[in-house]
Amino acid sequence: MKSNNNVVSSYLILFLATFFFTSVTSEDPYKFFTWKVTYGDIYPLGVKQQGILINGQFPGPQIDTVTNENLIISVFNYLSEPFLISWNGIQHRRNSWQDGVSGTTCPIPPGRNFTYTLQAKDQIGSYFYFPSLGMHKAAGAFGAIRIWSRPGIPVPFPSPSGDITILAGDWFKLGHRRLRRVVESGHNLPFPDGLLINGRGWNGNTFTVDQGRTYRFRISNVGLATSLNFRIQGHRLKLVEVEGSHTLQNTYSSLDIHLGQSYSVLVTADQPVKDYYVVVSTRFTRRVLTTTSILHYSNSRIGVSGPAPPGPTLDIASSVFQARTIRWNLTASGPRPNPQGSYHYGLIKPSRTIMLANSAPYINGKQRYAVNSVSYIAPDTPLKLADYFNIPGVFYVGSIPTSPTGGNNGYLQTAVMGANFHENVEIVFQNWENSVQSWHIDGYSFFVVGFGSGQWTPDSRGRYNLRDTVARCTTQVYPRSWTAVYIALDNVGMWNIRSENWERQYLGQQFYLRVYTPSKSLRDEYPVPKNALLCGRASGRVTRPF
Ligand SMILES: *[C@@H]1O[C@H](CO)[C@@H](O)[C@H](O)[C@H]1NC(C)=O
Ligand SMILES: *[C@@H]1O[C@H](CO)[C@@H](O)[C@H](O)[C@H]1NC(C)=O
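According to mature numbering (1 follows the signal peptide of the UniProt record, and there is no 0), the residues represented by the sequence shown are -26 to -1, 1 to 520, in order.
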């Protein structure tokens, strides 16, 4: 297992362990990272662009961690603008302070630093981190996160001969500031200029494999705008993991990966010795963008040949069909030794239903996006800090309805929905638009119990998978369709629920779920970290530990 952490002296470890004692569990090991965030020239599509680099790298360094490890990540912002990193899929148990979105955490000002203290508590699987402010995600500063199982916890497949990360996504030649001006002026983003795999375009990566061996590919869609299809010429993909869930090991010839989603597949190099295309292409777009990398058999002298194999494009039915085949392996272990299936999510009756409908209203003559007619606007003070210091006037709980109000009208609001700790909730994402949606919930994984077309009704529950669907943190919603999820609200905090389509997210298709308990116990939630940056109306407050 490789890692690129900087291990500091034990004296500093002791100091930091004391410093962060309120937010990390002392018996679990620590890993330390120092990240310098800078601008740098990148040429992913052949033209020079200003990228955002981490330690000089685009994409950023990969994080390798083991279940329950503590990650101490010091981020130094050398940009001329505020910066934050968020961690797609890391659940931050009791600790939404570390989530790194503008509703939980003050931006790191230019020239300053902030140390995140994360813990992959009871988690395994494949995820990624990304810059959460502005359109920074269009310039880089994203990277893979791999959470490995602890030694002795069974993994339901033989250890592969290699573990290959694919960060794929659409890409724009316009810089992140230009893209931000486009959306802020009330226009839609242009169609992307291309696709990248690990920061490179056409045949920009070579993955070398030995004939007869099996490799794990972890694929994440880190793009801004489009669903992707992934495939490898002449090879089968055996699905083994989806955002921390071990799946039934079905084989596919190609896999749809929606915005923000991550999948692991096993690929056996069982074909004649030569080179093959690794392909990603856009899904559900009239113009299809494609890019390739090379799967190189180690003793091959024959380069890739023929056209890259085509994949599905506009067809939706096949995507829905595939989505329904992605299921939990009930007997496989997850992060703990006991089988995943020993948690019977289908037997837990939700106490209420939240229905979330996306829309694309014009507000004050500008294109916005909304949830239940509310288009989110960021407050001057992070919600989490305002809540902690009881600063009035920043937000109010219930500022977004829990079901659609009808119509395509919208209004601007700092939207916060209330929920109680330990509530079990059914969330129905209802999509009346013609585009595929991708929804992410921070702080949780949820069970995707159903996909259906048209309007969801209580009768739709008759077709739920209450036995073996996967738990994950990002789900797609097909055009004019619904997706239903079950979620056990066992993590107190202020949690971002957002579109993973970055223009939609930026223009308001997001809100925060405040999972609340009146208890002030450390068992339920950590207090504000001592090193928290303070901004807005929280500036100058004193962060007292308990
Ligand atoms: C990091 O930030 C803290 C608080 O803002 C500051 O005290 C410290 O000197 C900074 N560290 C470095 C190495 O710049
Ligand atoms: C489920 O996991 C078990 C390991 O617990 C494995 O032996 C089995 O092959 C898996 N089943 C499927 C259908 O993937």
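The beta carbon of each residue, even a glycine, is placed where N, CA and C say it ideally should be.
How would you call residue i, buried or exposed, if buried means at least 16 neighbouring beta carbons within 10 angstroms?
i, result
"His396", "exposed"
"Phe295", "exposed"
"His270", "buried"
"Gln429", "exposed"
"Asp15", "exposed"
"Ala506", "buried"
"Asn(-21)", "Only weak support exists for where Asn(-21) lies, its pLDDT of 38 falling under 50; the value from the coordinates is given anyway. Label assigned to Asn(-21): exposed."
"Asp244", "exposed"
"Ala118", "buried"
"Arg205", "buried"
"Tyr319", "buried"
"Ala389", "buried"
"Tyr251", "buried"
"Tyr336", "exposed"
"Val21", "exposed"
"His161", "exposed"
"Thr(-9)", "Low confidence applies to Thr(-9): its pLDDT is 41, below 50, so where it sits in the model is not reliable enough to give any reading."
"Arg124", "exposed"
"Ile322", "exposed"
"Leu330", "buried"
"Thr39", "buried"
"Pro128", "exposed"
"Ala291", "exposed"
With a threshold of 7 Å (Cβ to nearest heavy atom), would residue i be considered close to ligand 2?
i, result
"residue 525", "The shown model of the chain, from -26 to 520, leaves out residue 525, and the question about it has no answer."
"Arg58", "Going by the sequence as given, residue 58 is Leu instead of Arg. Leu58: no, Cβ never under 7 Å from ligand 2."
"Pro3", "no"
"residue 555", "Past the boundaries of the shown model lies residue 555; the chain is included only from -26 to 520, so the question cannot be answered."
"Leu222", "yes"
"Asn303", "yes"
"Pro134", "no"
"Pro501", "no"
"Pro246", "no"
"Pro81", "no"
"Pro324", "no"
"Pro105", "no"
"Pro130", "yes"
For ligand 1, any of its heavy atoms closer than 7 Å to the Cβ of residue i?
i, result
"Arg515", "no"
"Asn51", "no"
"Arg86", "yes"
Per DSSP, residue i is paired with what?
i, result
"Gly99", "Ile121"
"Asp38", "Arg120"
"Gly392", "Arg488"
"Met468", "Arg488"
"Gly114", "Ile26"
"Ala331", "Gln404"
"Arg257", "Ser201"
"Trp476", "According to DSSP, which records beta bridges pairwise, Trp476 is partnered with nothing at all."
"Ile461", "Val399"
"Tyr90", "Ile47"
"Thr264", "Ser255"
"Glu1", "Note: Glu1 sits in no beta bridge, so no partner."
"Ile206", "Val252"
"Thr221", "Trp302"
Nearest chain B C-beta to residue i closer than 8 Å, yes or no?
i, result
"Ile300", "Protein chain content of the structure displayed is limited to a single chain, and chain B is not contained in it."
### Query
Fully enclosed by the stretch 123 to 201, which beta strand (DSSP E) runs are 3 residues long or longer?
136 to 145, 168 to 171, 180 to 183 and 188 to 195
Practice prompt. May I have a chain-ordered list of the beta strand (DSSP E) segments no shorter than 3 residues that lie completely inside the stretch 277 to 328?
Written response: none
**Prompt:** Pairing CB atoms from the stretch 84 to 102 with CB atoms from the stretch 52 to 67, are three or more of them under 8 Å?
**Reply:** yes
- Query: If we count Cβ pairs, one from each stretch, closer than 8 Å, do we get three or more for the stretch 28 to 43 versus the stretch 7 to 20?
  - Reply: yes
field: the stretch 413 to 427 contacting the stretch 361 to 370, beta-carbon criterion three pairs below 8 Å
entry: no
Practice item. Check whether the stretch 129 to 140 touches the stretch 185 to 202, taking contact to mean three or more Cβ pairs, one atom from each stretch, closer than 8 Å. Key: yes
- Quick one: which unbroken alpha helix (DSSP H) runs of 4-plus residues sit fully inside the stretch 39 to 81? Chain order, please. none
task: Could you say if the stretch 297 to 316 and the stretch 383 to 390 meet the contact criterion of at least three C-beta pairs nearer than 8 Å?
output: no
Across the stretch 274 to 291 and the stretch 91 to 108, are there enough close Cβ pairs to call them in contact, namely three or more that are closer than 8 Å?
no
field: Inter-stretch contact (C-beta, 8 Å, three-pair minimum) for the stretch 207 to 222 and the stretch 443 to 453
entry: yes
Inspect the CB distances between the stretch 453 to 464 and the stretch 402 to 412 and report whether three or more fall short of 8 Å. yes
- Task: Report yes or no: do the stretch 178 to 190 and the stretch 230 to 244 share at least 3 C-beta pairs separated by less than 8 Å?
- Result: yes
So does the stretch 464 to 472 actually touch the stretch 60 to 78, counting three or more Cβ pairs closer than 8 Å?
yes
For the stretch 335 to 354 against the stretch 371 to 378, do three or more pairs of beta-carbon atoms, one drawn from each stretch, fall closer than 8 Å, so that the two count as touching? yes
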